[in-house]
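S.K.:
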Amino acid sequence: MEDPSKLTKEEVGAIIQARYNSETRPPRSEEDRRIGKERLKEIDEYMKKHLKD
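If you read the sequence shown in UniProt numbering, its first letter stands for residue 1, the second for the next number, and so on.
(1) Quick one: Cα of Asn-21 to Cα of Ile-35, how far?
(2) Output the distance between the C-alpha atoms of Glu-10 and Lys-52, rounded to the nearest integer angstrom.
(3) Using the Cα positions of Thr-8 and Glu-38, report the straight-line distance between them to the nearest angstrom.
(4) Using only the alpha-carbon positions, how far apart do Glu-45 and Arg-19 sit?
In C-alpha cells, the structure reads:
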C-alpha cells in the first residue's frame, strides 16, 4: 500500500510550475517601456536642474 502523504511526479511538477509562475514578472508591453523611458527622462532632467555641483 502506498503512502498517501507522498506526492506524484505530476503533483510536484504542478507545484513547482505554480511557484515559478507566481515569482516571475509578466512580460513588459510597449506601453510599459514607453512610460519607463519617460520617467527616467524626467528623473534625469530633475537631477540636472536641482542637483548641480
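Ideal placement from N, C-alpha and C gives every residue a C-beta, glycine not left out. Note that the coordinates shown come from a computational prediction; the quantities given were computed from them, not determined experimentally.
M.R.: In brief:
(1) Indexing the sequence shown from 1 puts residue 21 at position 21. Indexing the sequence shown from 1 puts residue 35 at position 35. Their Cα atoms are separated by approximately 25 Å.
(2) Indexing the sequence shown from 1 puts residue 10 at position 10. Indexing the sequence shown from 1 puts residue 52 at position 52. Whole-angstrom Cα-Cα distance: 59 Å.
(3) Start at 1 with the first residue of the sequence shown, and residue 8 comes out as number 8. Start at 1 with the first residue of the sequence shown, and residue 38 comes out as number 38. Rounded to the nearest angstrom, the two C-alpha atoms are 49 Å apart.
(4) By one-based count along the sequence shown, residue 45 stands at place 45. By one-based count along the sequence shown, residue 19 stands at place 19. Spanning the two alpha carbons is a distance of roughly 40 Å.
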